[in-house]
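>
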Amino acid sequence: METHLILYPAFMMILLTAILYTTNYFDNKKAYRNKQVSAKYFKAYLENPPEKIAVSRQTLKNQFELPIIFYFLISILISINEITLFDIIFAWTFVISRYIHSYIRLSSNFVPLRAKFFIVGFLVLIIWWLYFMVRISF
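So the sequence shown is numbered by my numbering: it starts at 2 and just counts up by one.
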């Protein structure tokens with residue numbers, strides 16, 4: 002399998018993070034302009050912001066939690082040049098789960114549905130890592 006194919010899902014995760022940074026920036030700007038938060042809020046994020054701001058910030062922060070494990074595995078796969086079709090499928094499944102998870106959080110924020118997509122992404126990563134560890138062990 003061509004190594005560069007694993008980069009496309011990684012690029013899409015980076016794009017999601019950029020979209021969420023932009024969303025968070027404009028949400029914060031609007032809240033500040035409407036006096037829903039003070040300038041002091043942005044120093045340490047200790048005030049209680051409106052729910053929309055808190056959700057936007059948390060959605061962005063989530064991109065630096067579980068996806069780190071995703072990026073790490075992709076880095077290893079590229080470095081050892083051992084990418085299979087299953088790796089590509091796992092990667093895209095994880096990315097799609099993160100997009101849906103973020104969309105739900107920023108729209109309805111219906112926790113039971115959001116949790117299902119989090120679990121899908123989490124399980125995909127666990128299974129993918131197990132697949133990788135078994136593969137390199139033999």
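Think of the CB as a built atom: it goes at the ideal place given N, C-alpha and C, for glycine as much as any other residue.
For clarity, every value in this text was computed on a predicted model and none was experimentally measured.
Return the CA-CA distance between L17 and Y100, expressed in angstroms with no decimal places.
Their Cα atoms are separated by approximately 7 Å.
> Starting from K116, trace the alpha helix (DSSP H) in both directions and tell me its first and last residue.
It should be noted that the sequence gives Ala, not Lys, for residue 116. Per DSSP, A116 belongs to the alpha helix (DSSP H) from V112 to S138.
> Along the chain, where does the alpha helix (DSSP H) containing V56 start, and where does it finish?
Its alpha helix (DSSP H) spans residues E52 to N63.
> Quick one: does the C-beta of L131 sit closer than 7 Å to a heavy atom of the ligand SAH?
As far as ligands go, the structure on display features none, and thus does not contain the ligand SAH.
> Taking all protein chains shown into account, do 16 or more other C-beta atoms lie within 10 angstroms of the C-beta of F12, making it buried, or fewer, making it exposed?
So F12 counts as exposed.
> F87: which of W130, Y72 and N110 sits nearest, CA to CA?
Closest option to F87, Cα to Cα, is W130.
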